[in-house]
Amino acid sequence: MRMAVMMTLVSSSSGGHREYIDRGREEGHQHLMDDYWSPNPTYNARIFRRRFRMQPTLFDRIMNDVVGAYPFFARKKDALNKVSLSPYQKITSAIFMLANGCSVDSLDQLCRLGESTTLSCLKKFCKAIIGIYGSWYLRTPNPNDLRRLLEKATKRGFPGMIGSIDCMHWEWRNCPTAWAGQLTGHKHKPTIVLEAVASYDTWIWHAFFGTAGSNNDLNVLACSPVFDAVVNGCAPQVSYMVNNNIYNQCYYLAGEIYPTWATFVKTISNPDTPKKRLFAAKRPIAKMWKKRLAFYKRDRLSYEDPVECIKRRHYVI
4 MRMAVMMTLV SSSSGGHREY IDRGREEGHQ HLMDDYWSPN PTYNARIFRR RFRMQPTLFD
64 RIMNDVVGAY PFFARKKDAL NKVSLSPYQK ITSAIFMLAN GCSVDSLDQL CRLGESTTLS
124 CLKKFCKAII GIYGSWYLRT PNPNDLRRLL EKATKRGFPG MIGSIDCMHW EWRNCPTAWA
184 GQLTGHKHKP TIVLEAVASY DTWIWHAFFG TAGSNNDLNV LACSPVFDAV VNGCAPQVSY
244 MVNNNIYNQC YYLAGEIYPT WATFVKTISN PDTPKKRLFA AKRPIAKMWK KRLAFYKRDR
304 LSYEDPVECI KRRHYVI
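Numbering (the numbering used here), first residue to last: 4 to 320.
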């Protein structure tokens, strides 16, 4: 029966059948284990961190959580009673694509996965990460979070600040030609604009992808839900003191393009007093919190679907 199934799959492409390739998945699993997870692995933790963009302990935690919640990643037996791909192979392929932008062919050699299986693992892994960790890592700030952020900001000389807001342009390298025009702005390449709020600890508290045609920060802000809770009166209540005055509305550090609102604090272009010069000198230091978002920009958009799901997974990890 096994031979009959294999002969059927190896039939000509004109018949609409996929070619069966015996990739040696069990040997591939053992090769991965010898390289990274054996008692004496070929590659140490430093090389693991460089290739996976995480420590081995974090990988193990993620794998155990994902396998426990999503049976797709568990190891099973197929119709021929042959052991399927291991969780290590499936999750390694997904993380390598997300962390390094690897091609499917290179992962075929590393993890012994076919193209369709690799892409399926990628999409399911992104959804699994969001489903497991999204309620915690993608939450909006609660009163305890705001209290902690305000304490840190006060120590840095910016009482009332809860983070930095800015937009980044993510180049979509494989953008369909039909969509390129509405996604191209002053960058002269198709980009997706991401509005994000980040705090000093690289935690992303807000992320919003601008709609097509919104090619600058103001257009994205007009569509953004960042202040919906404030407008609807359901934002957590906080208070802080500046110069013996009590305020109950926090603010973000923002660029010059943003409007002059009480929720945005921008730099002083031409400081002419000692106080203004001190503020202008300290603000770039605080603004560096936003710069920590820059490490996300190295991963260009190279996936057709689902782009937002992939990017949301990056925020969680």
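From the three backbone atoms N, C-alpha and C, an ideal C-beta is built for every residue, glycine too.
Counted within 10 angstroms of its Cβ, other Cβ atoms place residue i as buried (16 or more) or exposed
i	result
residue 245	exposed
residue 169	buried
residue 271	exposed
residue 96	buried
residue 28	buried
residue 327	Residue 327 lies beyond the stretch modelled for the chain, which goes from 4 to 320, so this question has no answer here.
residue 298	Unreliable placement is indicated for residue 298, whose pLDDT of 49 sits below 50; the coordinate value is still reported in the next sentence. It counts as exposed.
residue 101	buried
residue 191	exposed
residue 230	exposed
residue 31	buried
residue 249	exposed
residue 281	exposed
residue 124	buried
residue 226	exposed
residue 237	exposed
Rounded separation between residue i and residue j - CA only
i	j	result
residue 139	residue 275	45 Å
residue 213	residue 202	21 Å
residue 23	residue 116	12 Å
residue 87	residue 47	27 Å
residue 112	residue 89	15 Å
residue 156	residue 165	7 Å
residue 180	residue 197	21 Å
residue 80	residue 176	38 Å
residue 251	residue 208	19 Å
residue 71	residue 126	17 Å
residue 261	residue 273	18 Å
residue 11	residue 108	Its pLDDT being 38, under 50, residue 11 is placed unreliably in this model, and the value from its coordinates should be taken loosely. So the alpha carbons of these two residues sit roughly 24 Å apart.
residue 283	residue 167	16 Å
residue 153	residue 269	18 Å
residue 85	residue 26	13 Å
residue 44	residue 33	12 Å
residue 37	residue 223	48 Å
residue 118	residue 54	21 Å
residue 78	residue 235	48 Å
residue 122	residue 178	18 Å
residue 148	residue 171	25 Å
residue 243	residue 182	46 Å
residue 137	residue 91	22 Å
residue 186	residue 247	47 Å
residue 106	residue 64	26 Å
For residue i, the residue or residues it bridges with in DSSP
i	result
residue 167	201, 256
residue 268	256
residue 243	250
residue 209	200
residue 172	196
residue 86	80
residue 187	193
Beta-carbon gap between residue i and residue j smaller than 9 Å
i	j	result
residue 114	residue 35	yes
residue 233	residue 263	no
residue 120	residue 158	no
residue 69	residue 150	no
residue 99	residue 83	no
residue 56	residue 103	yes
residue 285	residue 161	yes
residue 218	residue 188	yes
residue 66	residue 75	no
residue 146	residue 239	yes
residue 141	residue 135	no
Integer Cβ distance of residue i from residue j, believed to fall under 8 Å
i	j	result
residue 254	residue 163	6 Å
residue 173	residue 143	At roughly 23 Å, the Cβ-Cβ gap does not stay under 8 Å, so residue 173 and residue 143 are not in contact.
residue 3	residue 59	The shown model of the chain, from 4 to 320, leaves out residue 3, and the question about it has no answer.
residue 204	residue 258	Not confirmed; about 21 Å, so no contact.
residue 199	residue 210	5 Å
residue 73	residue 131	5 Å
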